[in-house]
Amino acid sequence: ASVSARPVDTMTSNVLDPNSIKAIIKANVPQSLDELFPFIGVFKSLSRDDIKSDVVAGLTVAVMVVPQGMAYAALAQLTPEIGLYSCIMPILVYALFGSSRQLAVGPVAMVALLTSAGLSEIQDPALDPERYQRLASTLGMVVGVLQAGMGFLKLEFVARFLPHPVLSGFTSAAAIVIGCSQLKDIFKLSLPRSERLQDILDPFFNKLGETHGMTFGVAFSSIVFLLAAKKVKQKVKVLKRFPEALFLVVFFILVSHYAGFAEKGVKVIGKVPAGFPAPQNVLWGEIGNVMGTATSIALVGFLESFAVAKTIAEKEGYRMSAQRELVGLGLANVVGAFFKCMPTTGGFSRSAVNYQAGAKSTLASLVTAAFMVITVLVLTPLFTDLPKPILSAIIVVAVATLVDFGEFVHLWRTDKRDFALVVVAFLCTLFWGLLQGILVSAGLAVVILVQRVASPHSAVLVQICEDPPTFRNRDRFPEGKQVPKTLIYRMDAPLFYANAESFKDELAALTLELDPRVIIVHGGAMPHVDSSGVAVLEQVRVRCAARGKTLVLCEFNGPTRDALETAGLVTDKAESDAAGAAGKKNVEMFLTLNEAVARAKTLVQIAAKEDVALDVSVDDDAARRSFDAEAKTVVSARDC
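In this text, residue positions in the sequence shown follow full-length UniProt numbering: the first is 1, and each later residue adds one.
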């Protein structure tokens, strides 16, 4: 039986009654403190053992954050205390509004490098460090507004326009650039700061002979120690929580102080201001100048953060909300901007350590923030003699794990278009620049997406089993049998403006090849039909009718059936009879393919008995000639 689509009440469909308004408010506005602050519900369920685990995890992450915060601040060309400040307010705010229980928020390498790349074009940090710092905070505020705005407006899908191959290529290239950018501090060379690999390596090799031996020795030994410590921790469970970075920092502070590294030419951090950061205003007039960089950081930062948070949530058995994550990260950046913080996001390594250390809730983050408050109030004078090569060593070891050439090999084997995408992202980022790499590769990703939906996979279905009736792609099942005088066509994509013409051309070519009396369009893999798609279906119906053929639809989902009914392409039986009396035939639609095939067999039998054209409602020689001509053109193009 043909399907009667759901009627649409055009008199009331656009009117919002009070119940509808309440439903909208309930869906978008938190209705309780638990919804506004997710941590409340989590804290209520914590046991005493959970609290102990959170305290241990929070302290474990804290001792890791201290050296990392200073290192990533240096990577962003900011002073060490900015990295420490950025591990306080953003952590506190995210703990209140974020949905992940284990995500550790703070400075990360990728965001730090993007910050440096974007801001150094606006302000030279060496000429005016204070203005550069305020620019970094302004950038953080804009990042936060963009992220929170995307969350409130439910635009988290926008971030998905940076697909995995783009992120993989960008991340690998950025990690290499980050590592190479530390060469000047590892070898103590005067090198220009750049985000392009060739601009870093060329002067590096020219000045390699000027290497400061003691500086290089400190950096090299630190890198070896950090790598060895990671290997040992994987094999010795007792040392699993050993804070190798903090140990390295403390050790070399002592060695530097008593051996007089500064007097021997090794650069040290110098005096780090003590005290909690006083509130400051951002540079409102620079918002337009940092918008491009902020957009990149907002997207990349969210995707990096959400990826690790979702992975942990799946292991722990609770659901993550992308919308809530955007709001939490956004508010963390907005509030942090007024307390001298740089842009922050959730970090892979810190979050993994937090989870492995036993964190059960955001209480662990609150413990980390409390430890950082103590650090900036009391402990900052201890960092005066910390050698800068130590921070470079920490950065190099941290970003080394981000380079993933195995993904290149995997994509080459599985999807050549994705391989091209990852290579373009990698090369553009490596040799052209971070922002350019993101923009070009994201643009290419959109082009590939459009190309895929504009020329989607399609199939002619044949019957491979009679009981139960089963239909499959004839290219995969060449032994299958075509339903007599019937073409069953399935396109695996939405039918919309970008592929409507190719859909029509494909049907024309298949009609010329198989000469069916009935054409069944299978909509099971066609989730949406827009106005252009409806227009093309109507054109196909008219041209089929002109050649004595019948168009039948089946397997479309409910919303699409409603849209086709509203457009007047398909109707229920009463309306169809009325339309037929008026000289217009409408397309029959069936819920299942089996029903459509049964109807097709009936139509073919009727045509054979009566020896007349089926469903001929348009006697138009021009339409018939147009159809044949288009079909022959498509076939000729295929043969070329």
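Backbone N, C-alpha and C define an ideal beta-carbon position, used for all residues, glycine too.
Note that this is a predicted model, so its numbers are computed, not measured.
On the criterion of 16 or more Cβ atoms from any shown chain inside 10 Å, does Y258 qualify as buried, or is it exposed? Position 258 of the sequence shown, counted from the start, is the residue given in the question as residue 258. Exposed, since its Cβ has fewer than 16 Cβ neighbours within 10 Å.
Just to confirm the assignment: which complete alpha helix (DSSP H) runs, minimum length 4, are found wholly within the stretch 79-167? 80-85, 89-97, 109-119, 129-152
With three or more C-beta pairs closer than 8 Å as the rule, is the stretch 103-118 touching the stretch 152-160? In short, these stretches do not touch, since the Cβ pair count stays below three.
Which of the three DSSP states, helix, strand or coil, is assigned to D415? In the sequence shown, counting from the first residue as 1, residue 415 sits at position 415. The answer is coil: DSSP assigns D415 none of H, G, I, E or B.
Given a threshold of 16 other Cβ atoms within 10 Å of its Cβ, counted over all protein chains shown, does T606 qualify as buried or as exposed? As a working note, residue 606 is residue 606 in the sequence shown. The sequence as given places Ile at residue 606; Thr does not occur at that position. I606 comes out exposed.
Considering only residues of the same chain and omitting the five flanking positions on each side of V399, which have a CB-CB separation below 6 Å? Taking the sequence shown and counting its residues from 1, one reaches residue 399 at position 399. Excluding residues within five positions, the ones whose Cβ falls inside 6 Å are A109, A175, I178, G179.
In chain order, what residues of the same chain lie with their CB nearer than 8 Å to the CB of E501, ignoring the 5 residues before and after it? Translated into the one-based positions of the sequence shown, residue 501 becomes position 501. Same-chain partners within the cutoff: V536.
What does the alpha-carbon distance come out to for the pair M372 and V111? Residue mapping note: residue 372 aligns to position 372 of the sequence shown, counting from 1. Residue mapping note: residue 111 aligns to position 111 of the sequence shown, counting from 1. About 21 Å.
Comparing C-alpha positions only, which one of N473, D492, L326 sits nearest to C465? Locating residue 465 in the sequence shown gives position 465, counting from the first residue. C465 has its Cα closest to that of N473, out of N473, D492, L326.
Where A459 sits in the DSSP three-state scheme: For this step, residue 459 is matched to residue 459 along the sequence shown. Of the three classes helix, strand and coil, the one that applies to A459 here is strand, per DSSP.
Assigned exposure category for H457 - 16 Cβ within 10 Å defines buried: Position 457 of the sequence shown holds residue 457. With fewer than 16 other Cβ atoms within 10 Å, it is exposed.
With a 10 Å radius around its C-beta and 16 neighbouring C-beta atoms as the bar for buried, classify E325 as buried or exposed. What you label residue 325 is simply residue 325 of the sequence shown in a count that begins at 1. When all chains shown are included, E325 counts as buried.
Three or more beta-carbon pairs under 8 Å between the stretch 282-302 and the stretch 423-430, yes or no? no
Using three-state DSSP, classify A74 as helix, strand or coil. If you number the sequence shown from 1, residue 74 lands on position 74. In this structure, A74 counts as helix in the three-state DSSP scheme.
Might you give, ordered along the chain, the residues of its own chain that have their beta carbon closer than 6 Å to the beta carbon of K267, omitting 5 neighbours on each side? By 1-based counting over the sequence shown, the position of residue 267 is 267. Same-chain partners within the cutoff: K388.
Are the stretch 400-415 and the stretch 125-138 touching by the rule of at least three beta carbon pairs closer than 8 Å? Not touching, per the Cβ criterion.
Determine which residues share a DSSP beta bridge with L551 and list them. As a first step, residue 551 must be located in the sequence shown, where it is residue number 551. Beta-bridge pairing links L551 to I519.
Spatially closest choice to residue 642 from G523, G548, R193, W284, by CA coordinates: With the chain running from 1 to 640 in the structure shown, residue 642 is simply not present.
Measure the CB-CB distance between T138 and V282 and report whether it falls below 8 Å. Residue 138 sits at position 138 when you count from the first residue of the sequence shown. Residue 282 sits at position 282 when you count from the first residue of the sequence shown. The answer is yes: Cβ separation under 8 Å.
Three-state secondary structure (DSSP) of M342: Your numbering for residue 342 matches position 342 in the sequence shown. DSSP places M342 in coil when its eight states are reduced to three.
Counting only the same chain and skipping the five closest in sequence on each side, list residues whose C-beta sits under 6 Å from that of A163. Here residue 163 refers to the residue found at position 163 when the sequence shown is read from its first residue. One point to set straight first is that residue 163 is Pro, not Ala, in the sequence displayed. Counting only Cβ-Cβ distances below 6 Å, and skipping sequence neighbours, we find A445.
I believe L593 touches F471 by the beta-carbon criterion, under 8 Å. Please report the beta-carbon distance rounded to the nearest angstrom. Here the question's residue 593 lines up with position 593 in the sequence shown. Here the question's residue 471 lines up with position 471 in the sequence shown. With 8 Å as the limit, L593 and F471 qualify as a contact, their Cβ atoms being about 6 Å apart.
What residue ranges within the stretch 280-363 form continuous alpha helix (DSSP H) runs of no fewer than 4 residues, ordered along the chain? Unbroken alpha helix (DSSP H) stretches of 4 residues or longer found wholly inside the stretch 280-363: 287-316, 322-337, 348-356, given in chain order.
Run through DSSP, which three-state label would I269 get? Mapped onto the sequence shown, residue 269 falls at position 269. Correct three-state label for I269: coil.
Please classify L495: does DSSP put it in a helix, a strand, or coil? Looking up residue 495 in the sequence shown gives position 495. It is a strand residue.
Around the C-beta of S531, are 16 or more other C-beta atoms found within 10 angstroms, so that it is buried, or is it exposed? For the purposes of this step, residue 531 is taken as the residue at position 531 of the sequence shown. With fewer than 16 other Cβ atoms inside 10 Å of its own Cβ, S531 counts as exposed.
Report the CB separation of A498 from V453 in whole angstroms; it is logged as a contact under 8 Å. In the sequence shown, the residue the question calls residue 498 occupies position 498. In the sequence shown, the residue the question calls residue 453 occupies position 453. That pair is a contact at about 6 Å.
Mind reading off the beta-carbon distance from P273 to F339? Whole number of angstroms is fine, and I expect it under 8 Å. The residue given as residue 273 occupies position 273 in the sequence shown. The residue given as residue 339 occupies position 339 in the sequence shown. That belief does not hold up - the Cβ atoms of P273 and F339 are roughly 14 Å apart, past 8 Å.
Between K485 and I519, how many whole angstroms is the CB-CB distance? I'm expecting something under 8 Å. Translated into the one-based positions of the sequence shown, residue 485 becomes position 485. Translated into the one-based positions of the sequence shown, residue 519 becomes position 519. The distance from the Cβ of K485 to that of I519 is about 10 Å, inconsistent with a contact at the 8 Å cut-off.
Just to confirm, is the Cβ distance from D50 to V367 under 8 Å? Counted from its first residue, the sequence shown places residue 50 at position 50. Counted from its first residue, the sequence shown places residue 367 at position 367. Against a cut-off of 8 Å, the Cβ pair of V367 and D50 comes out as no contact.
Expressed to the nearest angstrom, what Euclidean distance is found between the alpha-carbon atoms of L569 and L553? To locate residue 569, count along the sequence shown from 1; it is residue 569. To locate residue 553, count along the sequence shown from 1; it is residue 553. Going by C-alpha positions, L569 is about 10 Å away from L553.
Does the distance from the CB of G83 to the CB of A73 come in under 8 Å? Numbered from its first residue, the sequence shown carries residue 83 at position 83. Numbered from its first residue, the sequence shown carries residue 73 at position 73. Taking 8 Å as the Cβ cut-off, G83 and A73 qualify as a contacting pair.
According to DSSP, is residue 649 part of a helix, a strand, or is it coil? Not covered by the structure: residue 649. The range shown for the chain is 1 to 640.
Does the beta-carbon of E316 have 16 or more other beta-carbons within 10 angstroms, so that it is buried, or is it exposed? Within the sequence shown, the letter at position 316 stands for residue 316. Exposed, because fewer than 16 other Cβ atoms sit within 10 Å of the Cβ of E316.
Take the Cβ of residue 644 as the centre, count every other Cβ of all protein chains shown within 10 Å, and call the residue buried at 16 or more, exposed below. Here the chain has residues from 1 to 640 only, and residue 644 is not among them.
Using a Cβ distance threshold of 8 Å, determine whether the stretch 122-129 contacts the stretch 408-417, with at least three qualifying pairs required. No, they do not touch.
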